[in-house]
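Written out below as structure tokens is the structure these notes cover.
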Amino acid sequence: MTVEELTSTQSDAVLVRRAGLVCLWGGLLGAASGIALAVVPPAVEPDVYGYPLGPTAFTLIQSFFFVQHLALVLGLLALWRSGALGKTRLGPWGTVTAVAGMTLLALTELAAIPAANAPYPSPHTDILDTIYGVASMVIGIGLVLTGIAVLRAGLWQGWQRFLPLLLGVYVFVPMTPAIFGPFVLARLAISGWMLLFALLGWELARRRSHASGLA
Numbered sequence: 006m007t008v009e010e011l012t013s014t015q016s017d018a019v020l021v022r023r024a025g026l027v028c029l030w031g032g033l034l035g036a037a038s039g040i041a042l043a044v045v046p047p048a049v050e051p052d053v054y055g056y057p058l059g060p061t062a063f064t065l066i067q068s069f070f071f072v073q074h075l076a077l078v079l080g081l082l083a084l085w086r087s088g089a090l091g092k093t094r095l096g097p098w099g100t101v102t103a104v105a106g107m108t109l110l111a112l113t114e115l116a117a118i119p120a121a122n123a124p125y126p127s128p129h130t131d132i133l134d135t136i137y138g139v140a141s142m143v144i145g146i147g148l149v150l151t152g153i154a155v156l157r158a159g160l161w162q163g164w165q166r167f168l169p170l171l172l173g174v175y176v177f178v179p180m181t182p183a184i185f186g187p188f189v190l191a192r193l194a195i196s197g198w199m200l201l202f203a204l205l206g207w208e209l210a211r212r213r214s215h216a217s218g219l220a
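Following my numbering, the numbering of the sequence shown begins with 6 at its first residue and continues without gaps.
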């Protein structure tokens, strides 16, 4: 390996590690926010779209979700950059699909802010729910493809090699059915998904720093 190649590899390892840490914290904070929403005393009635939050708090949490989703995007890109997807086209296609879905989800969080006081359900909130659903399905499909690529590549061993695939499958079962259930169950299911992203971030940071010999 030339000096230039070694420098590039070390630089990639640092980027993957940092992005993994961002994903780790994004997942942890996402899980914490989901649990908080499940237990916070309601400020509005259940037939208001921003439930259980009032307009100001809803604006703040939606803005947070936008940034938090972008942290997960960094984790997905770090997974690609780490080389864990192997050399096939399946991995990149899956990751691009998942990133596109997560970006759409992030933008939808901002688009939902004006609907804070809207009656629920209503034509406006129906559109938002549809976009949320489409974004989630796109993420799920992309992560399943990415997960299959990771398994085929065989570069990750142990339970960690199933993590990307589990992130995708989780979207379809149990998260989607839970979202159609009681509010608290939906929040807890989403929090579980966020914890899986936190595990992905932890694995990326730990694995890349260990493999490259970086502290």
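The C-beta atom is built at its ideal place from N, Cα and C for all residues, glycine as well. Predicted model only: the values in this text are computed from it and were never measured.
- Residues W85 and L90 of the same chain have their beta carbon placed closer than 7 Å to that of P97, with the five preceding and five following residues left out of the count.
- When C-beta atoms of the region 148 to 162 are compared with those of the region 122 to 139, fewer than three pairs fall below 8 Å, so the two segments do not count as touching.
- Pairwise C-beta distances place the region 72 to 85 out of contact with the region 185 to 198, as fewer than three of them are shorter than 8 Å.
- Only residues of its own chain outside the window of five on either side were considered, and among them A140 have a CB closer than 6 Å to the CB of L109, listed in chain order.
- Of all C-beta pairs linking the region 181 to 189 to the region 29 to 37, fewer than three are shorter than 8 Å, placing the two stretches out of contact.
- In terms of Cα proximity to Q67, the closest of R212, A111 and V143 is A111.
- Collapsing the DSSP output to three states places V53 in a strand.
- Listed in chain order, the non-local C-beta contacts of A203 below 6 Å within the same chain comprise L29, G32 and L33, local neighbours out to five positions each way being set aside.
- Bridge partners of P124 according to DSSP: V53.
- Of the other Cβ atoms in all chains shown, fewer than 16 fall within 10 Å of the Cβ of S16; this residue is therefore exposed.
- A residue is called buried once 16 or more other Cβ atoms fall within 10 Å of its Cβ, and L209 is buried on that count.
- Residue nearest to A76 within the set T102, L58 and R23 is R23 (criterion: CA-CA distance).
- Looking at the backbone, the Cα of Y125 and that of G55 are separated by about 9 Å.
- The beta carbons of L201 and L160 sit about 19 Å from each other, so the pair does not count as a contact at 8 Å.
- L115 is classed as exposed because its beta carbon has fewer than 16 other beta carbons within 10 Å across all chains shown.
- Collapsing the DSSP output to three states places P119 in a helix.
- Shortest Cα-Cα distance from I118 to any of A158, F63 and T100 involves F63.
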